[in-house]
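Taking the working numbering, I'd label the letters of the sequence shown as residues 15 to 239.
Every residue gets a Cβ at the ideal spot worked out from N, C-alpha and C, and that includes glycine.
Since this is a predicted model, take the numbers as computed values, not measurements.
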Amino acid sequence: MAFFGQFSNAKLMKKEEVKQINILQYNSNNCPDYGSSYDNVNGHCTLRFFCRNDTCASPDSNGYVDFTESKRNEKINTNLCYVYEDYDYANRVCTSNKPVCFNDSNCITNMCYNSTCVLNKNYRVEECVDNYYYNHWIFSYRSKVNCGLGEHEICSKDSDCASNVCARCEKGRCCVKDDKDISGERKKDILIKSLLLSFLIIGYVIGRLQQKRKTKNLKFSNIDI
15 MAFFGQFSNA
25 KLMKKEEVKQ
35 INILQYNSNN
45 CPDYGSSYDN
55 VNGHCTLRFF
65 CRNDTCASPD
75 SNGYVDFTES
85 KRNEKINTNL
95 CYVYEDYDYA
105 NRVCTSNKPV
115 CFNDSNCITN
125 MCYNSTCVLN
135 KNYRVEECVD
145 NYYYNHWIFS
155 YRSKVNCGLG
165 EHEICSKDSD
175 CASNVCARCE
185 KGRCCVKDDK
195 DISGERKKDI
205 LIKSLLLSFL
215 IIGYVIGRLQ
225 QKRKTKNLKF
235 SNIDI
């Protein structure tokens, strides 16, 4: 399980700019001000943006975003309560006491129910998050930013979701990004492929020796005749 350190600054960017962010250029001492946390296990900064059309905003430490560049306080709450069966808001599930609202415009989903921000089937939330992975072809860790539907939104395939994970935690819903420990993937991959290569080389050498032996035996057989 990954352990994270939190950052508090928010940032407003264009979606294409967010997609171009390379989190691997940073370390624990210089994560960007829009970084949401630092993954101490895998060793990289993480990020999370909420988007409306082409404009994306990173949440502050309390989970609020502001899609304007004015000095007015127009912060929107990204903390939500989730509804699972036919959007029955009376049976919503809250993971914290932060999804507080006074009207629909206070919520990233544009729906405030009984002073609580909830999912809205008519207003899908789009997020951009970092995707850290190991590339087996080049023996190297890589990262890219995925943009797609937010957590617990309805999905049909992995690519629908910013987390690139659909229906593995709950049927037909985008799941939270999987932050499993992959720090040992490179060593394990190199070991397995080195062993495989060794077996192939040994097999090739044995095959060549057997072929030479057969050729030599055939040569002596021809001499005896």
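S177 is a Cβ neighbour of V143, given a cutoff of 8 Å. Residue range L26 to K28 is occupied by the beta strand (DSSP E) that includes K28.
Going by C-alpha positions, N43 is about 11 Å away from H58. A direct Cα-Cα distance of roughly 19 Å separates C45 from F64. Residue pairing by DSSP places S212 in no beta bridge whatsoever. In this structure, C121 and V107 do not form a Cβ contact; the two beta carbons are roughly 16 Å apart against a cut-off of 8 Å.
Of the candidates G186, Q225, S173 and L163, L163 places its Cα closest to the Cα of N67. Apart from sequence neighbours up to five positions away, no residue of its chain approaches L209 with a beta-carbon distance below 8 Å. The beta carbon of G186 sits closer than 7 Å to those of I168 and C169, all from its chain and outside the five residues before and after it, given in chain order. According to DSSP, residue pairing for R106 in a beta bridge does not occur. In this structure, DSSP gives T69 an extended state, which the three-state scheme calls strand. E165 counts as buried, since at least 16 other C-beta atoms from the protein chains shown sit within 10 angstroms of its C-beta. Counting only residues of its own chain and dropping the five nearest sequence neighbours on each side, I35 has a CB closer than 7 Å to the CB of L61 and V159.
For S157, the CB contacts under 7 Å within the same chain, skipping 5 residues up- and downstream, are N36, I37, L38, H58, D144, N145 and Y146 in chain order. The C-alpha of C175 is placed about 38 Å away from the C-alpha of L211. Residue nearest to T82 within the set T92, T69, T229 and N93 is T69 (criterion: CA-CA distance).
In summary, G217 is exposed, with fewer than 16 beta-carbon neighbours lying within 10 Å of its beta-carbon over all protein chains present.
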